[in-house]
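Numbering (my numbering), first residue to last: 13 to 291. Where is the CB? At the ideal position from N, CA and C, for every residue including glycine. These notes are about the structure you will find just below.
Set out below in structure tokens:
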């Protein structure tokens, strides 16, 4: 998609067809489950009728389509291609790794530093409700698809201004979009009574910045997967994709722990002991 005007060749969608198809799919699919969750499930308090199985089914209902629908909608010719050439597989692998580590480890920073707690009935993995692992995958697919489009658009708009303009525009976009995503999620979940904070006002402001650290790291790294069109190098493979995601998780882990050591909890009475939150 190109728009000619003040900025020549403003690129919104990826020039790589398989990446473009995944972004379009996520941007079309995500509003359905988001509206269902925020406009039906929470306002009508349907969660009050859920036990462990009910919450697990909610998580599966949001995450499974991210994996199944791209496979069903994939052109028949692409189904015979190697897995390395299927962008939707790589995108889901990248986000699955990132969101799993985010729940398994980083949720404990939410417990320790942000005063968060989950009290709904659920089976847990490392003291984190299993439905969160599933719903986070769907959330992060949406966030990263939006970020891809936003970063690509501002970079193409700024490229004729100055050689450094695309990088600056990307940095501003990543910071703004990351914070908006984190704040928006915190605000929209505020009416769910089984996810609470010690100090909600600080969570909305400072806590959202803490959460946005995830996206400050992940957005630019994820964007670059199979993005460069002027190259003869092969598209990134599954192992490279997994390595990039794991590298991103390591950077986020370090930044969160620097916050723990340097700034500590955001609520009065909190304690950041010498031990890591997830140990």
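Exercise for the section: For residue 16, name the three-state secondary structure that DSSP assigns. Expected result: With a pLDDT of 47 at residue 16, under the threshold of 50, the predicted position of this residue should be treated as unreliable, and no value is reported.
Problem - C-beta contact flag for residue 59 and residue 111 at 8 Å - result: no
Practice task
Give the DSSP-derived three-state secondary structure of residue 141 in the structure shown.
Solution key: strand
Handout entry: Which residues DSSP lists as bridging residue 130, in chain order
Key = 207
Problem - Rounded C-alpha distance that separates residue 258 from residue 160 - result: 19 Å
Exercise for the section: Kindly indicate the opening and closing residues of the alpha helix (DSSP H) around residue 226. Expected result: 220-235
Problem - Beta-carbon proximity list for residue 115, same chain, < 7 Å, skipping 5 on both sides - result: 140, 144, 145, 148
Problem - Contacting residues, own chain, Cβ-Cβ under 6 Å from residue 75 (five flanking each side not counted) - result: 146, 149, 150
Exercise for the section: Would you identify the three-state DSSP class for residue 267, choosing helix, strand or coil? Expected result: helix
Problem - Residues that DSSP places opposite residue 136 in a beta bridge - result: 141
Exercise for the section: Could you tell me which of 210, 270, 50, 153 sits nearest to residue 235, measuring between CA atoms? Expected result: 153
Handout entry: Member of 262, 73, 129 whose CA lies at the smallest distance from the CA of residue 206
Key = 129
Exercise for the section: Go through its chain and collect everything with a Cβ distance to residue 253's Cβ below 6 Å, but skip five positions before and after it. Expected result: 102, 105, 106
Practice task
Report the rounded CA-to-CA distance for residue 288 versus residue 229, giving the unit in angstroms.
Solution key: 21 Å
Exercise for the section: Can you grab the Cα-Cα spacing for the pair residue 43 / residue 50, in whole Å? Expected result: 10 Å
Exercise for the section: Would you be able to state if there are at least three C-beta pairs under 8 Å between the segment 25-32 and the segment 169-184? Expected result: no
Handout entry: Reduced DSSP category for residue 198 - H, G, I as helix; E, B as strand; rest coil
Key = helix
Problem - Exposure of residue 182, with buried meaning 16 or more beta-carbon neighbours within 10 Å - result: buried
Exercise for the section: Give me the Cα-Cα distance between residue 98 and residue 90, rounded to the nearest whole angstrom. Expected result: 8 Å
Practice task
Tell me, please, whether the CB atom of residue 68 is closer than 8 Å to any CB atom in chain C?
Solution key: Considering every chain present, this structure includes no chain C. It has just one protein chain.
Problem - CB of residue 185 within 8 Å of CB of residue 201, strictly - result: no
Practice task
Measuring alpha carbon to alpha carbon, tell me which of 39, 219, 22 ends up nearest residue 158.
Solution key: 39
Practice task
Express the C-alpha separation of residue 133 and residue 66 in angstroms, rounding to a whole number.
Solution key: 9 Å
Handout entry: Collapsed DSSP secondary structure at residue 124 in the structure displayed
Key = helix
Exercise for the section: Identify which residue in 216, 46, 85, 79 has its Cα closest to the Cα of residue 191. Expected result: 216
Exercise for the section: Kindly indicate which residue of 35, 220, 22 has the alpha-carbon position closest to the one of residue 238. Expected result: 35
Problem - Nonlocal neighbours in the same chain, by C-beta distance under 7 Å from residue 249, ignoring five residues either side - result: 96
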